[in-house]
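To convert, take the position in the sequence shown, counting from 1, and add 3; that gives the working numbering.
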Amino acid sequence: GASTAENGAPIYGALACQHNHKAMLFTKRRKRPSRLLQLLIICALTVFLYTLTRSHNSDHDGTALENSSALRQMKKSVYRYNICNGLSNQLLYHSASIAIAASSNLRVEIPDYYIVNGVQETSADVLPTGRNSVPFSQVFDSKHFLAQMRSLGIEATFVTFDFTKEQIQCADMSDVMRADAQIMLEVIKAFKPSPMMQTMIDQIKESFGEDQTDAVCLHHRDGQDWHDHCDRWKAMSRSDG
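Pasting the structure below:
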């Protein structure tokens, strides 16, 4: 039988989807579509974007970050940072770095990239390149994002990298720990799907049926690639002592 929420409203049964040995579980609720659902669907569409990058091999033109071996560059009241790895890492490092810049009253330069293939084959971070990433605006609404930053009193601009030079190292969890949690949350809320991505999200949601209003998405990783990845991380953890 159907279970019920605390307020007595019925929660409908689960719809399971299987794709490339990776299951996605959708549980319907009577609420308006959530931003979390949209972000999770973006994660599922990463494979599609990776296909696009195979023909997107040229480096982006634009303002390049200076060569540096430091974790961060703060010169002339500018805060510079880098992102790496998968969707969750990128969202955390964007929000933490922007929050740190805001707390320090610095203008922040946002990497104009979304890494679509951030799988770590080793313990090394996967930084953006011309082959593994697409512009931020292909996945997220960059105009909306900058407008939200301005509403928070944060001066921000998007920049691209000169991939012929050594890149700034990626932000890390120490940045997340020292960043203002409330500002981080506001930055996370500013991530809105781009028009292209929103169209794809709407098409996927329509396939659930007319009575679908909201869902919780559980991305269950059980493919052989994930088992191989876990084995590598176990080995690296043992070697780290």
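Virtual Cβ for every residue (Gly too), placed ideally from N, Cα, C.
> Relative to the alpha-carbon of Ser136, which residue among Thr125, Met187, Val119 and Ile204 has its alpha-carbon at the smallest distance?
Replying inline: Reading the sequence shown from its first residue, position 133 is the one you call residue 136. If we check each option's Cα against that of Ser136, Val119 comes out closest.
> With a Cβ-Cβ cutoff of 8 Å, do Gln206 and Asn85 count as a contact?
Replying inline: Here residue 206 is taken as the residue at index 203 of the sequence shown, counted from 1. Here residue 85 is taken as the residue at index 82 of the sequence shown, counted from 1. Taking 8 Å as the Cβ cut-off, Gln206 and Asn85 do not qualify as a contacting pair.
>> Pairs of beta-carbons, one from the segment 110-125 and one from the segment 191-206, closer than 8 Å: are there three or more?
In response: no
> Hey, how far is the Cα of Glu189 from the Cα of Lys146?
Replying inline: The residue you call residue 189 lines up with position 186 of the sequence shown. The residue you call residue 146 lines up with position 143 of the sequence shown. C-alpha separation (whole angstroms): 16 Å.
> Taking the alpha helix (DSSP H) that Glu189 falls in, what are its first and last residues?
Replying inline: Position 186 of the sequence shown, counted from the start, is the residue given in the question as residue 189. Looking at the DSSP string, the run of the alpha helix (DSSP H) that includes Glu189 is Ala184 to Lys192.
> Does DSSP classify Pro131 as helix, strand or coil?
Replying inline: Locating residue 131 in the sequence shown gives position 128, where the first residue counts as 1. The answer is coil: DSSP assigns Pro131 none of H, G, I, E or B.
> Helix, strand or coil for Leu90 per DSSP?
Replying inline: For the purposes of this step, residue 90 is identified with residue 87 of the sequence shown, where counting begins at 1. Looking at Leu90 - three-state DSSP - the assignment turns out to be helix.
> Rounded C-beta distance between Ser98 and Ser140? I'm assuming under 8 Å.
Replying inline: Position 95 of the sequence shown, counted from the first residue, corresponds to residue 98. Position 137 of the sequence shown, counted from the first residue, corresponds to residue 140. That pair is no contact at about 18 Å.
> Along the chain, where does the alpha helix (DSSP H) that runs through Val179 open and close?
Replying inline: Indexing the sequence shown from 1 puts residue 179 at position 176. It spans Met176 to Arg181 - the alpha helix (DSSP H) in which Val179 sits, taken as one unbroken run.
>> For Ala102, count the other beta carbons within 10 Å of its own beta carbon; 16 or more makes it buried, fewer makes it exposed. Which is it?
In response: The residue labelled residue 102 in the question sits at position 99 within the sequence shown. Burial call: buried.
> If you drop the 5 nearest sequence neighbours on each side, which residues of the same chain put their C-beta closer than 6 Å to that of Gln227?
Replying inline: Stepping through the sequence shown from its first residue, residue 227 is reached at position 224. Answer for Gln227: no residue qualifies.
> Beta carbon of Ala193, beta carbon of Phe161: below 8 Å?
Replying inline: Sequence index remark: in the sequence shown, residue 193 carries index 190 (1-based). Sequence index remark: in the sequence shown, residue 161 carries index 158 (1-based). Not a contact, by the Cβ cut-off of 8 Å.
>> Relative to the C-alpha of Asp175, which candidate in Cys87, Ile45 and Gly212 has its C-alpha closest?
In response: The sequence position of residue 175 within the sequence shown is 172, counting from 1. The shortest Cα separation from Asp175 among Cys87, Ile45 and Gly212 belongs to Cys87.
>> Just to confirm the assignment: which complete alpha helix (DSSP H) runs, minimum length 4, are found wholly within the segment 121-165?
In response: 139-142 and 145-154
> Looking at the structure shown, is Glu209 part of a helix, part of a strand, or coil, going by DSSP?
Replying inline: For the purposes of this step, residue 209 is identified with residue 206 of the sequence shown, where counting begins at 1. Glu209: helix per DSSP, three-state reduction.
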